[in-house]
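Input: a single structure, listed below in structure tokens.
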Amino acid sequence: PYSRFDIVVAEPICTLTTFGKETVVSEREKRTTTTDDPLQVLQQVLDRADIRPTHNEDLPFQGGALGLFGYDLGRRFESLPEIAEQDIVLPDMAVGIYDWALIVDHQRHTVSLLSHNNVNARRARLESQQFSPQEDFTLTSDWQSNMTREQYGEKFRQVQEYLHSGDCYQVNLAQRFHATYSGDEWQAFLQLNQANRAPFSAFLRLEQGAILSLSPERFILCDNSEIQTRPIKGTLPRLPDPQEDSKQAEKLANSAKDRAENLMIVDLMRNDIGRVAVAGSVKVPELFVVEPFPAVHHLVSTITAQLPEQLHASDLLRAAFPGGSITGAPKVRA
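Per full-length UniProt numbering, the very first residue in the sequence shown carries number 1; after that it's consecutive.
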């Protein structure tokens, strides 16, 4: 059910691009720069666009904002030490406001065109598009890490010190891999998506480059003021033998380590959502549920809450960003 829809958009009526403290808003021929809170600016633009979706299970997107919110956008909402090196020229936020969309429904086997303007004109424009063949995507070098094995080991040792001293309870230590390539990034996304159809995949083509995301995790859902987040902590690979695979899922469900990690993030997300939710509305209807994916089993929990009528989804995003399953716990120290 989580891979039911594909949402296709282009030609936004407005774009918002944030680098550091500045957000550039481009709307028709008008271009303005502001240092205001990026999510507050986004909410103001959405209010002006006056695109008001209604609940429809068959139309998950009915116009509005789509885009990316980069990890470093969190620096606008929390006081963090400036120790990270920005060596990739990509925006902290890149969002488009769209008044039309194509909705591909893989369950009903339908494609729906939705437009807040002349839908026939939009259809004619889409049908008039000429698509030229794209060059196949190929890596032209081996993957290289952004740190040596020794450097990674030293960072791991530092993490252990933080954990033993009680500074942190859970830390995500990540490394980045890079390689050169030739061809079209969209072709790479199609290959990756076919191999691992993650439920929250996305492809965005920006001026600065392309973003390919294949995520199994729902960070935040806000539908008619109903909030849901489903953090993932705990993963084991799938096995080809059905009986062994079932044992693998049971092993994950009973793993004390994975359950402890999952519970830490559940508590963190409950706290984040509780900052803006209706008092007493935060619930945990599912705890430590094993969900099978094509390549792995994940340990997933579900947290729900109610957003007050006077608040917007942008207020919820600000309170919970970045997601606790990415940051570790406690969030700022980790």
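Using N, Cα and C, we set each Cβ at its ideal position, and we do this for glycine too.
These numbers come from a predicted model, not from an experiment.
Discussion item. I'd like the list of long-range same chain contacts for A319, defined as Cβ closer than 6 Å, with 5 residues on each side in sequence excluded.
Written reply: Sequence index remark: in the sequence shown, residue 319 carries index 319 (1-based). Excluding residues within five positions, the ones whose Cβ falls inside 6 Å are D272, R275 and V276.
Worksheet item: Grouping DSSP H, G and I as helix and E and B as strand, with all else coil, what is E11?
Response: As a working note, residue 11 is residue 11 in the sequence shown. Coil, per DSSP.
Practice prompt. With DSSP as the reference, label H116 as helix, strand or coil.
Written response: In the sequence shown, the residue the question calls residue 116 occupies position 116. In the displayed model, H116 falls within coil according to three-state DSSP, outside both helix and strand.
Practice prompt. Answer yes if the segment 141-157 comes into contact with the segment 104-113, meaning at least three C-beta pairs across the two stretches below 8 Å, and no otherwise.
Written response: no
Practice prompt. In the DSSP assignment, find the alpha helix (DSSP H) that holds M264 and state where it starts and stops.
Written response: As a first step, residue 264 must be located in the sequence shown, where it is residue number 264. Unbroken alpha helix (DSSP H) run through M264: A256 to G274.
Worksheet entry | Residue from A256, M93, Y98 and L192 whose Cα sits closest to the Cα of F137 | In the sequence shown, the residue the question calls residue 137 occupies position 137. Nearest of A256, M93, Y98 and L192 to F137, Cα basis: L192.
Worksheet entry | Through-space distance from E82 to I88, alpha-carbon basis | The residue given as residue 88 occupies position 88 in the sequence shown. The residue given as residue 82 occupies position 82 in the sequence shown. One C-alpha to the other measures close to 16 Å.
Worksheet item: Contact check, Y71 vs P322 under 8 Å by CB: the rounded distance?
Response: To locate residue 71, count along the sequence shown from 1; it is residue 71. To locate residue 322, count along the sequence shown from 1; it is residue 322. Correct: roughly 5 Å between the Cβ atoms.
Practice prompt. Spatial neighbours of P38 within its chain, please: CB distance less than 8 Å, with the 5 preceding and 5 following residues excluded, ordered by chain position.
Written response: Looking up residue 38 in the sequence shown gives position 38. L16, T18, T23, L73, R76, D92 and M93.
Discussion item. Assuming contact is defined by CB atoms lying nearer than 8 Å, are S301 and L287 in contact in what I supplied?
Written reply: Sequence index remark: in the sequence shown, residue 301 carries index 301 (1-based). Sequence index remark: in the sequence shown, residue 287 carries index 287 (1-based). Yes, the Cβ-Cβ distance between S301 and L287 is below 8 Å.
Practice prompt. Could you name the residues of the same chain whose beta carbon sits closer than 6 Å to that of M269, not counting the 5 residues immediately before and after it, in chain order?
Written response: Taking the sequence shown and counting its residues from 1, one reaches residue 269 at position 269. Contacts found: T229, P231, I303 and G324.
Worksheet item: Is DSSP giving Y181 helix, strand or coil here?
Response: Within the sequence shown, residue 181 is the residue found at index 181, counting from 1. If DSSP states are grouped into helix, strand and coil, Y181 belongs with the strands.
Fill in: Selection from A329, D223 and P12 that minimises the alpha carbon distance to V171
Locating residue 171 in the sequence shown gives position 171, counting from the first residue. In this structure, A329 is the residue among A329, D223 and P12 with its C-alpha nearest to the C-alpha of V171.
Worksheet item: Which partner residues of T138 appear in the DSSP bridge assignment?
Response: For this step, residue 138 is matched to residue 138 along the sequence shown. S182.
Worksheet entry | Presumed contact (8 Å Cβ cut-off) between I211 and Q306, rounded CB distance | As a first step, residue 211 is located in the sequence shown; it is residue number 211 there, counting from the start. As a first step, residue 306 is located in the sequence shown; it is residue number 306 there, counting from the start. The beta carbons of I211 and Q306 sit about 32 Å from each other, so the pair does not count as a contact at 8 Å.
Discussion item. Using the Cβ count rule (16 or more neighbours within 10 Å means buried), how would you classify residue 342?
Written reply: Residue 342 lies beyond the residue range present for the chain, which begins at 1 and ends at 334; the question has no answer from this structure.
Worksheet entry | Test item: CB-CB of G64 and L46 under 8 Å | Taking the first residue of the sequence shown as 1, we reach residue 64 at position 64. Taking the first residue of the sequence shown as 1, we reach residue 46 at position 46. The answer is yes: Cβ separation under 8 Å.
Practice prompt. Return the chain-ordered list of same chain residues with a C-beta closer than 8 Å to the C-beta of Q144, the five sequence neighbours on each side being excluded.
Written response: On the sequence shown, position 144 is the one that residue 144 refers to. Cβ neighbours of Q144 beyond the five flanking positions: F177, H178 and A179.
Discussion item. Between which residues of its own chain and H116 is the CB-CB distance below 8 Å, once the five residues before and five after are set aside?
Written reply: Position 116 of the sequence shown holds residue 116. Closer than 8 Å at the Cβ level, and outside the excluded window around H116, lie I51, G63, D99 and W100.
Practice prompt. Return the first residue and the last residue of the alpha helix (DSSP H) that K30 is part of.
Written response: Taking the first residue of the sequence shown as position 1, residue 30 is located at position 30. Premise fails: K30 lies in the beta strand (DSSP E), K30 to T34, not in any alpha helix (DSSP H).
Worksheet item: Which one or two residues does DSSP pair with H297 in a beta bridge?
Response: The residue you call residue 297 lines up with position 297 of the sequence shown. BP columns for H297 point to L236 and P292.
Discussion item. I need the DSSP call for T23, collapsed to helix, strand or coil.
Written reply: Here the question's residue 23 lines up with position 23 in the sequence shown. Strand.
Fill in: Local conformation of L173 per DSSP, three classes
By 1-based counting over the sequence shown, the position of residue 173 is 173. Three-state DSSP puts L173 in coil, outside helix and strand.
Worksheet item: How about the segment 193-205 and the segment 213-223: do they share at least three Cβ pairs that are nearer than 8 Å?
Response: yes
Worksheet item: Roughly how many angstroms lie between the CA atoms of E250 and H297, to the nearest whole one?
Response: Mapped onto the sequence shown, residue 250 falls at position 250. Mapped onto the sequence shown, residue 297 falls at position 297. In a straight line, the C-alpha of E250 is about 10 Å away from that of H297.
Worksheet item: Closest by CA to L190, which one among Y181, F203 and S182?
Response: Working through the sequence shown from its first residue, we reach residue 190 at position 190. Out of Y181, F203 and S182, F203 has the C-alpha closest to the C-alpha of L190.
Discussion item. Here's a check: name, in chain order, each residue in its chain whose Cβ is nearer than 7 Å to the Cβ of K21, leaving out the five neighbours to either side.
Written reply: For the purposes of this step, residue 21 is identified with residue 21 of the sequence shown, where counting begins at 1. Excluding positions up to five away in sequence, the list reads T35.
Worksheet entry | CA-to-CA distance, S182 to A121, given in whole angstroms | Counting from one through the sequence shown, the residue named residue 121 turns up at place 121. Counting from one through the sequence shown, the residue named residue 182 turns up at place 182. Counting only the Cα atoms, S182 lies some 36 Å from A121.
Practice prompt. Whole angstroms is fine: what's the gap from D6's alpha carbon to D58's?
Written response: For the purposes of this step, residue 6 is taken as the residue at position 6 of the sequence shown. For the purposes of this step, residue 58 is taken as the residue at position 58 of the sequence shown. Straight-line Cα distance between these residues: approximately 12 Å.
Worksheet item: For the beta strand (DSSP E) that contains G96, what are its first and last residues?
Response: As a working note, residue 96 is residue 96 in the sequence shown. Counting along the chain, the beta strand (DSSP E) containing G96 begins and ends at M93 to Y98.
Worksheet item: When you compare each of Y152, L173, K247 and L299 to L327 by their alpha carbons, which one comes out closest?
Response: Along the sequence shown, one-based indexing puts residue 327 at 327. Per the sequence presented here, residue 327 reads as Thr, with Leu not at that position. Among Y152, L173, K247 and L299, the Cα nearest to that of T327 is on L173.
Discussion item. Going by DSSP, what residue range makes up the alpha helix (DSSP H) through D245?
Written reply: Indexing the sequence shown from 1 puts residue 245 at position 245. It spans P242 to A253 - the alpha helix (DSSP H) in which D245 sits, taken as one unbroken run.
Item to complete: Evaluate K247 with the Cβ neighbour count: other Cβ atoms within 10 Å of its Cβ, from every protein chain shown; 16 or more gives buried, anything less gives exposed.
Response: Within the sequence shown, the letter at position 247 stands for residue 247. So K247 counts as exposed.
Worksheet entry | Strand pairing of I111, partner residues [DSSP] | Within the sequence shown, the letter at position 111 stands for residue 111. In the sequence as presented, Ile is not what sits at residue 111; that position holds Val. Answer is V104.
Worksheet item: Grouping DSSP H, G and I as helix and E and B as strand, with all else coil, what is A198?
Response: To locate residue 198, count along the sequence shown from 1; it is residue 198. Looking at A198 - three-state DSSP - the assignment turns out to be coil, as it is neither helix nor strand.
Worksheet entry | Terminal residues of the alpha helix (DSSP H) in which T327 lies | Taking the first residue of the sequence shown as position 1, residue 327 is located at position 327. Where T327 is concerned, the enclosing alpha helix (DSSP H) stretches over G324 to T327.
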